[in-house]
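Protein chains in written order, with my numbering: chain E, 43 to 276; chain G, 43 to 276.
A virtual CB, placed ideally from N, CA and C, is assigned to each residue, including glycine.
There are 2 protein chains.
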Amino acid sequence: MQQIQVACQNCALARLCLPVALGSEDLVKLDGLIKQPRAIDRNEHLFHMNDPFESLYIVRSGCIKTYTPSPSGEEQVTGFYLPGELFGLSGINSGKQPTAAQALERTNICELPFSKMDDVTQQIPALSQQIIKVMSDELMHDQELLGLLGKKSAEARIAAFLTNLAKRCSKRHLSATEITLNMSRSDIGNYLGLAEETVSRTFTRFVNEEILSVQRREVSILDPERLQKMTCSS
Amino acid sequence: MQQIQVACQNCALARLCLPVALGSEDLVKLDGLIKQPRAIDRNEHLFHMNDPFESLYIVRSGCIKTYTPSPSGEEQVTGFYLPGELFGLSGINSGKQPTAAQALERTNICELPFSKMDDVTQQIPALSQQIIKVMSDELMHDQELLGLLGKKSAEARIAAFLTNLAKRCSKRHLSATEITLNMSRSDIGNYLGLAEETVSRTFTRFVNEEILSVQRREVSILDPERLQKMTCSS
DNA sequence: CGTCTTATTGATTCAGATCAACGACGGTGG
DNA sequence: CCACCGTCGTTGATCTGAATCAATAAGACG
Numbered sequence: 043m044q045q046i047q048v049a050c051q052n053c054a055l056a057r058l059c060l061p062v063a064l065g066s067e068d069l070v071k072l073d074g075l076i077k078q079p080r081a082i083d084r085n086e087h088l089f090h091m092n093d094p095f096e097s098l099y100i101v102r103s104g105c106i107k108t109y110t111p112s113p114s115g116e117e118q119v120t121g122f123y124l125p126g127e128l129f130g131l132s133g134i135n136s137g138k139q140p141t142a143a144q145a146l147e148r149t150n151i152c153e154l155p156f157s158k159m160d161d162v163t164q165q166i167p168a169l170s171q172q173i174i175k176v177m178s179d180e181l182m183h184d185q186e187l188l189g190l191l192g193k194k195s196a197e198a199r200i201a202a203f204l205t206n207l208a209k210r211c212s213k214r215h216l217s218a219t220e221i222t223l224n225m226s227r228s229d230i231g232n233y234l235g236l237a238e239e240t241v242s243r244t245f246t247r248f249v250n251e252e253i254l255s256v257q258r259r260e261v262s263i264l265d266p267e268r269l270q271k272m273t274c275s276s
Numbered sequence: 043m044q045q046i047q048v049a050c051q052n053c054a055l056a057r058l059c060l061p062v063a064l065g066s067e068d069l070v071k072l073d074g075l076i077k078q079p080r081a082i083d084r085n086e087h088l089f090h091m092n093d094p095f096e097s098l099y100i101v102r103s104g105c106i107k108t109y110t111p112s113p114s115g116e117e118q119v120t121g122f123y124l125p126g127e128l129f130g131l132s133g134i135n136s137g138k139q140p141t142a143a144q145a146l147e148r149t150n151i152c153e154l155p156f157s158k159m160d161d162v163t164q165q166i167p168a169l170s171q172q173i174i175k176v177m178s179d180e181l182m183h184d185q186e187l188l189g190l191l192g193k194k195s196a197e198a199r200i201a202a203f204l205t206n207l208a209k210r211c212s213k214r215h216l217s218a219t220e221i222t223l224n225m226s227r228s229d230i231g232n233y234l235g236l237a238e239e240t241v242s243r244t245f246t247r248f249v250n251e252e253i254l255s256v257q258r259r260e261v262s263i264l265d266p267e268r269l270q271k272m273t274c275s276s
C-alpha cells in the first residue's frame, strides 16, 4: 500500500483543519510535525480506552466514532468525527485516552504527535491558540449535546442530531440536505441515549410527516425549517 | 465594600487553580493579569448567554452554576463550579458566551481577562499549556456526564453526581463523606435530566438502603463503595 | 443462493414524568 | 418573639414515552 505524501499546504482540508489560522512559515513547521495519513479499515480501532495519550488526530477521509466502554460492558458513543475534524483532545491532561476511537468505514487519519507539542507551542504560539479554539468548540459541542440528552424528547434529539450533521456537511461543501449517515441506527441511538428501535420509529414518523425522506443510510431533509424547530421541543 | 487584595502567590487555592504549574516568575506575571476577586450575590448573574466573551473566571469561594436557556423557555444546567475551578472556556472561539453563569450563594470570583491572553500565551507559554489542560479536564468531565445522561438510570445518575462531588470536595480538603449541596433539588434534576421529584425519591431510597443520610442539603455518604458501584448500573 | 448484518414494525412493560397536596424551614415584618 | 408567607423538599396517584421483547424484512456479501 503506497503512502501518498500530502503536505498540509496542499491539503484540500486546510481550511477546516488546524492550518486555518497559521501563516505559511508556521505551516511548514506544522508539516514537519504531522505524520502522513495512514489508513484504517472499517471497525478497526485507532486507539482503545486507557491507551497512553500520544497524539491528536485529524480525520482526512471517512468517519471516526469515539466511545467509552463502561465497566458493565455496554458502550456510550461520545462523538462522530468527519473529515477535517480534530479529536483525541480529552486525554491531554490525564495522559491516557478516556475513550476508544473506531473507524466506521475505511478512514484516513493525520496524526500530530503531542510529545513534540511542548516544544511546539513555543515555536508556533499560533498553533497552541488554535488548539485552544478547537477545544473550545468541542466544549460547546458537548454542552449542546448535554442540553439535548438532559431533557429532550426522542423527536427533538433526532432533529438536533440531523440538523447538526447537516451544518457540518455544508461546512465541508457537501450538501446540507442530502446526507449520508456513516453510522448505524444503533450507534445513533447510543449517542443520543435512545434505543435503536426508537431511532427507526422516529425516522419513519418524520418520513410520514414529510420532513425527511429516508432510504437506508441516505437521508434527504425535505423541510429543514421544521426540523430546526423540532430541535427545541420539549 | 472593601476589596481585599490577595495575590495569586498567597492564595489558598493556588494548588487547585491556574498557578499549579507556574514558576514564581510566571506567577508574578499572572498576578498582573488577574482582576482582584469581586463578590456576587446569590442568584445574581456573572454573565448571560450571548454576552461577549471577555474573560475566564475562577471561583474563589461560593458556587456557580452555568446553564443554557433554550428558546422554549426552560433552561438546561450544564455545570456547577466549586472554589478553585475555572469556567467560561467554551466561549473562547465563538467570542460569545454559550451559557449563562449564576451564583448559587454569595460568591467571589477571580477574573482573567482574555483579551490580554494573546500576548500572554507568548509571555507565559506554561499558562497556555495549563489552560489546555484545564480544558482537557473539562472535556473529560463533559464526556462523563454524557455517558451518564446517555443511558443511565436515575439511581446511577444521582450516584455518579454525588461521587463526583465527593471527589471534588476531597480535592479541596473538604470531607468526602459530609457534603453540603449548594444547589436545589431542581437544579440537580435539571443537570442530570431528571424531574426534581425523582431526585427527591432517589435520595430517600438511598437513605432507606443506608447508603446516605440526608438532611435538607447536608448529605452524609455512609457507604461510598456501594454508591460507587451504583454509578455504572444500567 | 444462502447467510449475516442492519433496519423496520408490532405488542407489551416499566421507569420516570407529571399532577397534586402537604410539610418544613427560613426570612420578614409586626 | 411570634405569626405569616414564600420557597423548597417530600410523598402519593396517575399517566405516558420510550425501552424491551419478538418477529419479520431488506440489503450486503461471500
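Check residue i in the structure and name its three-state DSSP category.
i: E:C53; result: coil
i: G:L98; result: strand
i: G:K194; result: coil
i: E:G121; result: strand
i: G:T246; result: helix
i: E:C274; result: coil
i: E:Q139; result: coil
i: G:F264; result: The question names Phe, but residue 264 of chain G in the sequence shown is Leu. It is coil, neither helix nor strand.
i: E:S66; result: helix
i: G:L269; result: helix
i: E:I230; result: helix
i: E:R210; result: helix
i: E:E220; result: strand
i: E:I166; result: coil
i: E:F203; result: helix
i: G:I37; result: Missing from the structure shown is residue 37 of chain G; chain G here goes from 43 to 276 and no further.
i: E:S157; result: coil
i: E:H90; result: coil
i: G:L236; result: coil
Go through its chain and collect everything with a Cβ distance to residue i's Cβ below 7 Å, but skip five positions before and after it.
i: G:L98; result: L128, G130, L131, L154, F156
i: G:N92; result: K138, Q139
i: E:A201; result: L269, M272, T273
i: G:F203; result: I230, L234
i: E:V241; result: I200, R227, I230, G231
i: G:Q44; result: Residue confidence for G:Q44 is low, a pLDDT of 43 falling below 50, so the modelled location carries little weight; the figure read from the coordinates is stated next. Nothing meets the Cβ criterion.
i: E:R102; result: L55, P79, P125, N150, I151, C152
Is it buried or exposed for residue i, if we count other Cβ within 10 angstroms and need 16 for buried?
i: E:S195; result: exposed
i: E:P125; result: buried
i: G:G74; result: exposed
i: G:P13; result: Summary: the structure shown does not reach residue 13 of chain G, with chain G confined to residues 43 through 276, and so no result is reported for it.
i: G:V176; result: buried
i: G:L58; result: buried
i: G:V70; result: exposed
i: E:E251; result: exposed
i: E:H162; result: Reading the sequence as shown, one finds Val at residue 162 of chain E and not His. That one is buried.
i: E:G104; result: buried
i: G:T246; result: exposed
i: G:S178; result: buried
i: E:E180; result: buried
i: E:V62; result: exposed
i: G:G133; result: buried
i: G:G189; result: buried
Go through its chain and collect everything with a Cβ distance to residue i's Cβ below 6 Å, but skip five positions before and after it.
i: E:N232; result: V119
i: E:G32; result: Not covered by the structure: residue 32 of chain E. The range shown for chain E is 43 to 276.
i: E:D265; result: I253
With a CB to CB cut of under 8 Å and the five nearest residues on each side skipped, what residues in its chain are close to residue i?
i: G:I76; result: C50, C152, E153, L154
i: E:K209; result: A218
i: E:C211; result: L124, S217, A218, I221
i: G:S136; result: F95
i: E:Q66; result: Gln is not the amino acid found at residue 66 of chain E; the sequence shown has Ser there. So the list reads Q51, once near-sequence residues are dropped.
Query raised in the report: Counting Cβ pairs closer than 8 Å, one from the stretch 103 to 122 of chain E and one from the stretch 171 to 190 of chain G, do we hit at least three?
Result: yes
Query raised in the report: Are there three or more Cβ pairs, one per stretch, closer than 8 Å when the stretch 76 to 86 of chain E is compared with the stretch 129 to 149 of chain E?
Result: yes
Query raised in the report: Closer than 7 Å, Cβ to any Cβ of chain E: which residues of the stretch 92 to 105 of chain G, in chain order?
Result: none
Requested in this report: Give the residues from the stretch 164 to 179 of chain E that approach chain G closer than 7 Å (Cβ to any Cβ), ordered along the chain.
Outcome: Q164, P167, S170, Q171, I173, I174, K175, M177, S178, D179
Query raised in the report: At a Cβ cut of 9 Å, what residues of the stretch 135 to 159 of chain G count as close to chain E, listed as they run along the chain?
Result: N135, S136, P140, T141, M159
Query raised in the report: Would the stretch 200 to 218 of chain E and the stretch 162 to 178 of chain G be scored as touching if the rule is three or more Cβ pairs under 8 Å?
Result: no
Query raised in the report: Would you call the stretch 220 to 229 of chain E and the stretch 257 to 269 of chain E in contact, with 3 or more CB pairs under 8 Å?
Result: yes
Report task. Mind checking the stretch 183 to 197 of chain G against chain E and listing, in chain order, the residues whose C-beta falls within less than 7 Å of any C-beta there? Result -> D184, Q185, L187, L188, G189, L191, G192, K193
**Report entry** chain G contacts from the stretch 58 to 92 of chain E (Cβ-Cβ distance under 9 Å)
**Finding:** none
Requested in this report: Output, in sequence order along the chain, the residues in the stretch 235 to 263 of chain E whose CB is closer than 7 Å to any CB in chain G.
Outcome: G235
Requested in this report: Closer than 8 Å, Cβ to Cβ, to anything on chain E: give me those residues from the stretch 201 to 212 of chain G, in chain order.
Outcome: none
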